[in-house]
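To convert, take the position in the sequence shown, counting from 1, and add 28; that gives our numbering. For glycine and all other residues, C-beta sits at the position ideal for the given N, C-alpha and C. Note that this is a predicted model, so its numbers are computed, not measured. Read through the structure below, which is laid out as structure tokens, and then see the notes.
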Amino acid sequence: MSAVDVPSGLPATIDTPEVGDARLARLSLNQWTTRGWSLREAVDGCVRAGLPAIGLWRDKVAEVGTAEAAKVVRDAGLRVSSLCRGGFLTAREPAARAAAITDNRRAIEEAAELGTQTLVLVVGGLPDGDRDLPGARGRVADALGELAPFAGAHGVRLALEPLHPMYCADRAVLSTLDQALDLAEPHPADQVGVVVDAFHVWWDPNLEQAIARAGERIASFQVCDWVLPLPADNLLARGMMGDGVIDFRSMARSVAAAGYQGDIEVEIFNADVWAADGHDVVATLKRRY
């Protein structure tokens, strides 16, 4: 039987790359793409498919403990391309802000123990009743001032992830790469960088220039597609590459021209993808990549 793509159910038009194929040398599986898998299952899935790297999530790591997670990944010979996530730094109340700083320090320590240099930060949206976007961004900047030196001391870079504007109110008051870079640039590039997530930034008319501006601050390149119609839960709008409207070739050229040579992480939140067999999902993303 010929291979079938997930989640479209259509016959694959591309052969599945075999283990050892040089084209897979930078491909990373973000854990939430196969959300139903445990950490061990995700690691085993990567090894079976010939993927050299994995992007971890803190909740999945917590299920087994950081030390055990680090051992599982290390014993499998995989790289950890990133740890998701820290952030949520926009609270106004002192107690909530202090708790966020403490949690982010813990996340930095976890990233260091897991052997990744990249901690992805989703910075947080507007607190309840707040309409002051500049003020919220200012609180993120203040938090970075506390966290960046701590991250640097642990060999970890804070990777600011701008999210699509539809998430500005509740998840991230940074909506463009330029906004993220404005907050990153006061800090050393090895302490604070940015994430280029195709789903979140593809629409930006200044994207090519912003990627060039980012240069060595690009800490992660994440890919998935923008598919229509958008689902009722817009968090689950991320589709398989090739099923939507994003021009990956031009974006990848820009990221490469900026000097990024790290892993390319496939991060998909999609109910139909999650319902599919994980190995079929990984085989599809190998073909589409």
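Q: Can you tell me which of His228, Ala286 and Arg245 puts its alpha carbon nearest to the alpha carbon of Ile296?
A: His228
Q: For Ala242, count neighbouring Cβ atoms within 10 angstroms of its own Cβ and tell me buried if that reaches 16, exposed if not.
A: With 16 or more other Cβ atoms within 10 Å, it is buried.
Q. Met29 by DSSP, collapsed to three states: which one?
A. Residue placement at Met29 cannot be trusted, given a pLDDT of 47 that sits under 50; what the coordinates show is reported in the next sentence. Reduced to three states, the DSSP call for Met29 is coil.
Q: Pick out whichever of Trp254, Ala171 and Ala181 has its Cα sitting closest to the Cα of Pro122.
A: Ala171
Q) In angstroms, rounded to a whole number, what distance separates the CA positions of Asp271 and Arg125? A) One C-alpha to the other measures close to 40 Å.
Q: Would you kindly work out how many angstroms separate the C-alpha atoms of Ala40 and Arg316, rounded to a whole number?
A: 9 Å
Q. Does the Cβ of Met29 have 16 or more other Cβ atoms within 10 Å, making it buried, or fewer, making it exposed?
A. Only weak support exists for where Met29 lies, its pLDDT of 47 falling under 50; the value from the coordinates is given anyway. When all chains shown are included, Met29 counts as exposed.
(Q) Three or more C-beta pairs under 8 Å: does that hold for the region 133 to 151 against the region 112 to 119? (A) yes
(Q) Give me the residue from Ile239, Asp300, Glu236 and Val294 with the minimum Cα distance to Thr259. (A) The residue you asked about is not Thr; residue 259 is Pro in the sequence shown. The shortest Cα separation from Pro259 among Ile239, Asp300, Glu236 and Val294 belongs to Asp300.
Q | Counted within 10 angstroms of its Cβ, other Cβ atoms place Ser109 as buried (16 or more) or exposed | A | Ser109 sits buried, since 16 or more C-beta atoms from the chains shown fall within 10 Å of its C-beta.
Q) Closest to Val100 by CA distance: which of Cys74, Arg120, Asp308 and Leu154 is it? A) Cys74
Q: Give, in chain order, every unbroken run of the beta strand (DSSP E) that is at least 3 residues long and sits entirely within the region 261 to 310.
A: 292 to 294
Q: May I ask you to report which of helix, strand or coil DSSP gives Pro155?
A: Collapsing the DSSP output to three states places Pro155 in coil.
Q) Taking just the CA atoms, how far does Pro162 sit from Asp198? A) 15 Å
**Q.** Run of the alpha helix (DSSP H) containing Ile129, from where it starts to where it stops
**A.** Pro122 to Leu142
Q | Residues near Asp71 by beta carbon distance below 8 Å, same chain, minus five either side | A | The amino acid at residue 71 is misidentified as Asp; the sequence shows Val. So the qualifying residues of the chain are Ile82, Val100, Val101, Ala104 and Leu106.
Q.
If you follow the beta strand (DSSP E) that Ala181 is in, where does it begin and where does it stop?
A. Note, Ala181: premise wrong, no beta strand (DSSP E); alpha helix (DSSP H) at Leu161 to Ala181.
Q | Neighbourhood of Pro155 by C-beta, 7 Å cutoff - its chain only, sequence neighbours within 5 removed | A | Thr118, Ala119 and Arg120
Q: Kindly indicate which three-state DSSP category Arg68 falls into: helix, strand or coil?
A: Reduced to three states, the DSSP call for Arg68 is helix.
Q.
Whole angstroms are fine: how far does the CA of Gly153 sit from the CA of Ser248?
A. 21 Å
Q.
Considering just the uninterrupted stretch of the beta strand (DSSP E) at Val218, what are its terminal residues?
A. In the sequence as displayed, the identity of residue 218 is Asp instead of Val. Here Asp218 belongs to no beta strand (DSSP E), and DSSP marks it neither H nor E.
Q) Could you give the residue range of the alpha helix (DSSP H) that holds Ala226? A) Ala226 to Val229
Q. Between Ala98, Glu244, Asp131 and Phe276, which lies nearest to Ala226 when the distance is taken from Cα to Cα?
A. Phe276
Q: Could you name the residues of the same chain whose beta carbon sits closer than 7 Å to that of Ala65, not counting the 5 residues immediately before and after it, in chain order?
A: Note that residue 65 is Trp in the sequence shown, not Ala. Cβ neighbours of Trp65 beyond the five flanking positions: Gly73 and Gly306.
Q) Where DSSP assigns a beta bridge to Ala187, which residues make up the other side? A) Ala187 is bridged to Val148 and Gly221.
Q: Quick one: using the 10 Å Cβ neighbour count with 16 as the cut-off for buried, is Gln237 buried or exposed?
A: exposed
Q.
Taking 8 Å as the limit between beta carbons, can you name the residues of its chain near Gly48, skipping five residues before and five after?
A. Gly78
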